[in-house]
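Undergrad:
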Amino acid sequence: MHRTLARPAFDVETVRKDFPILAGHVWCKPLVYLDNAATSHKPRVVLDAIERFYKEHNSNIHRGVHWLSAAATKDYEGARDKVRDWIRAAAREEIVFTRGTTESINLVARSFLRPRLKPGDEVLVTEMEHHSNIVPWQLVCEEAGAKLSHVPIDDRGQLLFDEKLLTERTRLFAFVHVSNALGTVNPARELVRAARARGIPTLVDGAQAAPHTRIDVRDLGCDFYAFSGHKVFGPTGIGVLYGRKELLEGMPPYQGGGEMIKRVTFQKTTWNDLPYKFEAGTPDIAGAVGLGAALDYLGTLDWEAVRAHEAALLARATEALSTIKGLRIIGTAKSKASLVTFDMEGVHPHDIGQILDQEGVAVRTGHHCAQPVMDRFGVPATTRASFAFYNTLAEIDVLVAALTKVRELFA
Amino acid sequence: MRELYQELILDHNKKPRNRRAMADATADADGFNPLCGDKIHVFVKVEGDRIADVSFDGIGCAISTASASLMTTSLKGKTLAEAREIFERFHAMVTGEPGAPVDEDALGKLAVFQGVCEFPVRVKCATLAWHTLKAAIERSGDAVTTE
Ligand SMILES: Cc1ncc(COP(=O)(O)O)c(C=O)c1O
């Protein structure tokens, strides 16, 4: 394994100390957590921020004159500013808190796409989407009599994008930034540019990109960007929809209730300003606070070093796994995030996952909510090891040793 | 790990018995476990109230394949009432408390699946073939669904 010593050293052992769960054991073995694409662990600062919120500022937001309510509102709105800064959005009004990527996408499907979708229209996605970037579009397409089409992928798991797929009937192009099943990093800027050139709005599913890179929504140029707090080392239950202001302004609310209105009479209700129009009811205030703390934490990392470390993890895993008999890596794109999905001849992923678990190694097995990808590669399910910056090269060696055991047991 | 992946299970996974389609089946059904993508097709030939033949086809994990294989070897020649009773015992074992006593005489080779109860997510794998067989028999409309 070549390590570039010229780069600023990324001290993974120090970073690991920030994540209490990583010191844990399962089945009396040290935990080797390689299921980060499903959800990532939380640094102590996130846990502390949530606890501190409940202990010191807990209150409902935007509605009280009392001190606690003002403090809680400041925490919540402060988290929104942190998100705006983190993804470099132009304005705080463009940041809508949701429950996660899934809800963000559903919001756009319902409030943005549905009203403008006519029979015969098209929505373009890709063959490598997570179900949450397929089904919401499918639902509105069915209602409207529109068609859902997709960009196919090649044998390495890369998009076979052709501008002809963007037609005059295309009303939205929604695609994944980084594939959760294959690891492929898509050329988001270029895809957005191709769509914009035809006046087609874009939504980027950033659930798997956000944990691995710095996001710059203005540089990408997309109209909507969605990601989940729990995959970026924040809590579950909170997520983000970024939307360009002029589009959000023209959209009807997603849900009705408190907080999203200005004035309600039984005849008519006037919608609240952005982003509150899309945040009906009491939001996950503590979740937003936790997400803000997670982004603060990420801001302290040297991202060049993070990138180099994750690239080293991917390289070591790819190299070592390739030497295991009968193991085929699925997803070998030129540009890949740090995850490896594979198939092992003669062994079902479920059995692989079970045996790995007994060695303390947590991986994901199944279809990864991307059945079209499984169909494309002709497998019912796969095993996926997905890394975060807190994983170590030594952990990859544990994975490889555990897979060697699997091979022996199923010889 | 040996507790779950017993030799007998590994053997039946590698060389499943009665893995074949059956042209003269009196009933058959599809089973699907969306969690892990296991797909199975079970065939059964019922003569009178007796299971004259039972077989399966499909892909699955070691637990579901071995369970299907051992199901066929355990049920061939049994009456429908006996088969139902075996399934009930088997089901109780794999969903029971770890360490609970297992009637190894009544279950025979099927007792190798007792480790499954330690792994609740694998219960579906161990019982997929059984549920599928039950569905096939019930759907065939014989008097078997009663009691
Ligand atoms: C690419 C991708 N999109 C969307 C989602 C859905 O995210 P959530 O379940 O947090 O809404 C996931 C989560 O697995 C994902 O990997």
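Protein chains in written order, with numbering that gives the first Met the number 0: chain A, 0 to 410; chain B, 0 to 146. Heads up, the beta-carbon is just placed ideally off N, CA and C, and yes, glycines get one too. Remember, it's a predicted structure, so these values are computed and weren't measured experimentally.
(1) Are the C-beta of ASP10(B) and some C-beta of chain A separated by less than 8 Å?
(2) Below 9 Å on C-beta distance, what does ILE184(B) contact in chain A?
(3) I'd like to know whether the C-beta atoms of LEU46(A) and ALA361(A) end up nearer to each other than 8 Å.
(4) May I ask you to check if the CB of GLN207(A) is nearer than 7 Å to at least one heavy atom of ligand 1?
(5) With H, G and I counted as helix, E and B as strand and the rest as coil, what does DSSP make of ARG243(A)?
(6) Taking 8 Å as the CB-CB limit, is GLY98(B) close to chain A?
(7) Is there a Cβ from chain A that is less than 8 Å from the Cβ of GLY36(B)?
(8) Pairs of beta-carbons, one from the segment 35 to 44 of chain A and one from the segment 375 to 395 of chain A, closer than 8 Å: are there three or more?
(9) Please confirm whether LEU69(B) and HIS11(B) have their CB atoms less than 8 Å apart.
(10) Using the three-state DSSP reduction, which class does ARG19(B) fall into: helix, strand or coil?
(11) Excluding the five sequence neighbours on either side, which residues of its own chain have a C-beta within less than 8 Å of the C-beta of PHE118(B), listed in chain order?
(12) Residues of chain A with CB closer than 7 Å to the CB of VAL61(B), please, in chain order.
(13) From LEU402(A), THR100(A), ILE260(A), ALA225(A), pick the residue whose C-alpha is nearest to that of HIS347(A); which is it?
(14) By the 10 Å Cβ neighbour count, where 16 or more other Cβ atoms means buried, how is PHE31(B) classified, buried or exposed?
(15) When you compare the segment 215 to 226 of chain A with the segment 238 to 255 of chain A, are there three or more beta-carbon pairs, one atom per stretch, that lie closer than 8 Å?
(16) Which first and last residues belong to the beta strand (DSSP E) in which VAL216(A) is found?
(17) Buried or exposed: where does THR145(B) fall if 16 or more other Cβ atoms within 10 Å of its Cβ makes it buried?
(18) Got a sec: is the Cβ-Cβ distance from LEU408(A) to anything in chain E below 8 Å?
(19) Can you tell which of GLY107(B), ILE39(B), PRO100(B) has the C-alpha that lies nearest to the C-alpha of PHE86(B)?
(20) Whose CA, out of GLY76(B), ASN17(B), ARG121(B), THR72(B), lies closest to the CA of MET92(B)?
(21) What residue range is occupied by the uninterrupted alpha helix (DSSP H) comprising PHE9(A)?
(22) In chain order, what residues of the same chain have a beta carbon less than 7 Å from the beta carbon of THR101(A), not counting five sequence neighbours either side?
(23) Whether or not the segment 160 to 175 of chain A and the segment 125 to 140 of chain A are in contact is what I'm after, with contact meaning three or more pairs of Cβ atoms, one per stretch, closer than 8 Å; do they touch?
(24) Mapping DSSP to helix, strand and coil, what is TRP270(A)?
(25) Does the beta-carbon of ASP204(A), which I'm using as the reference point, lie nearer than 7 Å to any heavy atom of ligand 1?
(26) Closer than 8 Å between beta carbons: that is the criterion. Which residues of the segment 109 to 124 of chain B meet it against chain A?
(27) Residues of chain A with CB under 8 Å from SER3(B), in chain order?
(28) Which word fits GLN113(B), buried or exposed, when buried means at least 16 other C-beta atoms lie within 10 angstroms of its C-beta?
(29) Assess, as a yes-or-no matter, whether the segment 176 to 185 of chain A is touched by the segment 144 to 158 of chain A under the definition of 3 or more beta carbon pairs within less than 8 Å.
(30) Flag VAL107(A) as yes when its Cβ comes closer than 7 Å to any non-hydrogen atom of ligand 1, and as no otherwise.
(31) Alpha carbon to alpha carbon, what distance is there between PHE409(A) and LYS158(B)?
(32) In angstroms with no decimal places, state the Cα-to-Cα distance between VAL53(B) and ASP374(A).
(33) Closer than 8 Å, CB to CB, is LEU4(A) near chain B or not?
TA: On the basis of the coordinates in this document:
(1) Locating residue 10(B) in the second sequence gives position 11, where the first residue counts as 1. Answer no: the Cβ-Cβ gap between ASP10(B) and chain A never drops below 8 Å.
(2) Nothing about residue 184(B) can be read from this structure; chain B reaches only from 0 to 146.
(3) By 1-based counting over the first sequence, the position of residue 46(A) is 47. By 1-based counting over the first sequence, the position of residue 361(A) is 362. Their beta carbons are not under 8 Å apart, which means LEU46(A) does not touch ALA361(A) by this criterion.
(4) Translated into the one-based positions of the first sequence, residue 207(A) becomes position 208. It does: the Cβ of GLN207(A) is within 7 Å (strictly closer) of some heavy atom of ligand 1.
(5) In the first sequence, the residue the question calls residue 243(A) occupies position 244. Judged by DSSP in its simplified three-state form, ARG243(A) adopts coil rather than helix or strand.
(6) Taking the second sequence and counting its residues from 1, the one referred to as residue 98(B) is at position 99. Taking Cβ atoms only, chain A never reaches closer than 8 Å to GLY98(B), which makes this a no.
(7) For the purposes of this step, residue 36(B) is taken as residue 37 along the second sequence, with counting starting at 1. Yes - at least one Cβ of chain A is within 8 Å of the one on GLY36(B).
(8) Put simply, the segment 35 to 44 of chain A touches the segment 375 to 395 of chain A. At least three CB pairs are less than 8 Å apart.
(9) Position 70 of the second sequence, counted from the start, is the residue given in the question as residue 69(B). Position 12 of the second sequence, counted from the start, is the residue given in the question as residue 11(B). Taking 8 Å as the cut-off, the Cβ atoms of LEU69(B) and HIS11(B) count as close.
(10) Locating residue 19(B) in the second sequence gives position 20, counting from the first residue. Here DSSP, grouped into helix, strand and coil, assigns ARG19(B) to coil.
(11) Locating residue 118(B) in the second sequence gives position 119, counting from the first residue. Close CB contacts of PHE118(B) within its chain, under the 8 Å cut and outside five residues either way in sequence, are with LEU3 (chain order).
(12) For the purposes of this step, residue 61(B) is taken as residue 62 along the second sequence, with counting starting at 1. For the record, residue 61(B) in the displayed sequence is Ala; it is not Val. Residues of chain A passing the Cβ test: HIS347, ASP350.
(13) Here residue 347(A) is taken as the residue at index 348 of the first sequence, counted from 1. Among LEU402(A), THR100(A), ILE260(A), ALA225(A), the Cα nearest to that of HIS347(A) belongs to LEU402(A).
(14) Counting from one through the second sequence, the residue named residue 31(B) turns up at place 32. Result: exposed.
(15) Segments in contact, yes.
(16) By 1-based counting over the first sequence, the position of residue 216(A) is 217. Here VAL216(A) belongs to no beta strand (DSSP E); instead the alpha helix (DSSP H) covers 216 to 219.
(17) By 1-based counting over the second sequence, the position of residue 145(B) is 146. Confidence is the limiting factor: at THR145(B) the pLDDT is only 30, short of 50, which leaves the residue's position unreliable and the question unanswerable from this model.
(18) In the structure shown, chain E does not exist; the protein chains are A and B.
(19) Taking the first residue of the second sequence as 1, we reach residue 86(B) at position 87. Out of GLY107(B), ILE39(B), PRO100(B), the CA that lies nearest to the CA of PHE86(B) is found in GLY107(B).
(20) Position 93 of the second sequence, counting from 1, holds the residue named residue 92(B). Relative to MET92(B), the option among GLY76(B), ASN17(B), ARG121(B), THR72(B) whose CA is nearest is ARG121(B).
(21) Looking up residue 9(A) in the first sequence gives position 10. First-last for PHE9(A): undefined, no H or E at that position.
(22) Here residue 101(A) refers to the residue found at position 102 of the first sequence. Here the set comprises SER131.
(23) For the pair of segments examined, the segment 125 to 140 of chain A was found to touch the segment 160 to 175 of chain A: the number of CB pairs separated by less than 8 Å reaches three.
(24) The residue you call residue 270(A) lines up with position 271 of the first sequence. Judged by DSSP in its simplified three-state form, TRP270(A) adopts strand.
(25) Mapped onto the first sequence, residue 204(A) falls at position 205. Checking every heavy atom of ligand 1 against the Cβ of ASP204(A), one is found closer than 7 Å.
(26) The residues in question are PHE118, ARG121, CYS124.
(27) Looking up residue 3(B) in the second sequence gives position 4. The question names Ser, yet the displayed sequence has Leu at residue 3(B). By Cβ distance, chain A contributes GLN353.
(28) Working through the second sequence from its first residue, we reach residue 113(B) at position 114. Classification of GLN113(B): buried, given that the 10 Å Cβ count is 16 or more.
(29) Yes, the segment 144 to 158 of chain A touches the segment 176 to 185 of chain A.
(30) As a first step, residue 107(A) is located in the first sequence; it is residue number 108 there, counting from the start. Relative to ligand 1, VAL107(A) has its C-beta separated by 7 Å or more from all heavy atoms.
(31) The structure shown does not extend to residue 158(B), since chain B spans only 0 to 146, so no value can be given for it.
(32) Sequence index remark: in the second sequence, residue 53(B) carries index 54 (1-based). Sequence index remark: in the first sequence, residue 374(A) carries index 375 (1-based). As the crow flies, the alpha-carbon of VAL53(B) is around 30 Å from that of ASP374(A).
(33) Stepping through the first sequence from its first residue, residue 4(A) is reached at position 5. Because the pLDDT at LEU4(A) is just 48, under 50, the model does not fix this residue reliably, and the value given afterwards should be weighed accordingly. Under the 8 Å criterion on CB atoms, LEU4(A) is classed as non-interfacial with respect to chain B.
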